[in-house]
Amino acid sequence: MNHFVVCRVSGKLVIEAMLFLLVMLLAIPSATVQAQQPALSQAAPSAETIAKGKQNFVTYACYACHGYFGQGAETGPRIDTSRRTLAAFVSFVRKPGRAMPPYRTQSQISDSALAEIYAFLKSVPPPPDPNSIPLLNTK
Ligand code: HEC
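Per the numbering used here, residue 134 is the first one in the sequence shown, and the count goes up by one each step.
1. Here's the rule: buried if 16 or more other CB atoms are within 10 angstroms of the residue's CB, otherwise exposed. What is E249?
2. For the alpha helix (DSSP H) containing L219, list its first residue and its last residue.
3. State yes or no: is the C-beta of Y193 nearer than 6 Å to some heavy atom of the ligand HEC?
4. Rounded to whole angstroms, what's the CA-CA distance from P259 to T238? Just pull it up for me.
5. Taking the alpha helix (DSSP H) that S256 falls in, what are its first and last residues?
6. Nearest to R231 by CA position, among P210, A176 and D262, is which residue?
7. Is the stretch 240-256 close to the stretch 177-194, with three or more CB pairs under 8 Å?
8. Count the other C-beta atoms from every protein chain shown that fall within 10 angstroms of the C-beta of Y236, then say buried if there are 16 or more, exposed otherwise.
9. Using a Cβ-Cβ cut-off of 6 Å (strictly less than) and excluding sequence neighbours within five positions of Y196, which residues of its own chain qualify?
10. With hydrogens ignored, establish whether the beta-carbon of P259 is closer than 6 Å to any heavy atom of the ligand HEC.
11. Considering Cα atoms alone, identify which of A194, I212 and S243 is closest to K255.
12. Between the Cα of Y193 and the Cα atoms of S265, V257, P267 and S243, which residue gives the shortest distance?
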């Protein structure tokens, strides 16, 4: 009887250990993929990705025309990321076709550097409604 109890307990332990291993094995590939493509994954971007994007925005001179937060200036409009998906954003920068100088090649700016910029711009809070600012609404 004692022997039976030990067997049942250890059998349960073995099953639990196998389940644990299975879960770990399933988790490894997705963790690896995320580690390889932090900027392009669907998950919310990390603080590190956003910080890199902020740096890229200066390194690649975007700030010079669009302002440090893409808020816009006389030299370039406010960048509204809600108007474009990441793919559309990247293709716009590669081929703006209007007043903005094109960044055509990967050596000018890589897709992953642009994805980081996109993540940074998405992290900038939207401007407040002008009607909510008392100073703008005095008569
Ligand atoms: C020399 C000035 C200049 C630089 C540098 C510049 N832009 Fe622009 N950008 C513009 C101007 C002007 C426009 C609007 C006219 C046009 O569509 O070409 C624009 C438009 C855009 C738009 C579309 C805005 C919207 O919301 O519709 C995006 C996105 C953009 N720029 C991203 C970038 C990024 C990212 C960089 C850096 C890699 C960059 N720009 C560098 C001048 C600039």
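Heads up, the beta-carbon is just placed ideally off N, CA and C, and yes, glycines get one too.
In brief:
1. Working through the sequence shown from its first residue, we reach residue 249 at position 116. Label assigned to E249: buried.
2. Locating residue 219 in the sequence shown gives position 86, where the first residue counts as 1. Looking at the DSSP string, the run of the alpha helix (DSSP H) that includes L219 is L219 to R227.
3. Taking the sequence shown and counting its residues from 1, the one referred to as residue 193 is at position 60. Checking the Cβ of Y193 against the ligand HEC gives yes.
4. Here the question's residue 259 lines up with position 126 in the sequence shown. Here the question's residue 238 lines up with position 105 in the sequence shown. Using only the alpha carbons, I get a separation of about 30 Å.
5. Counting from one through the sequence shown, the residue named residue 256 turns up at place 123. First-last of the alpha helix (DSSP H) with S256: D244 to S256.
6. The residue given as residue 231 occupies position 98 in the sequence shown. Selected option, being the one with the closest Cα: P210.
7. yes
8. Against the sequence shown, residue 236 aligns to sequence position 103. Y236 comes out buried.
9. Residue mapping note: residue 196 aligns to position 63 of the sequence shown, counting from 1. Correct list, in chain order: F190.
10. Start at 1 with the first residue of the sequence shown, and residue 259 comes out as number 126. Not under cutoff, so the answer is no.
11. Walking along the sequence shown from the start, residue 255 turns up at place 122. Among A194, I212 and S243, the Cα nearest to that of K255 belongs to I212.
12. As a first step, residue 193 must be located in the sequence shown, where it is residue number 60. Residue S243 is the option with its Cα nearest to Y193.
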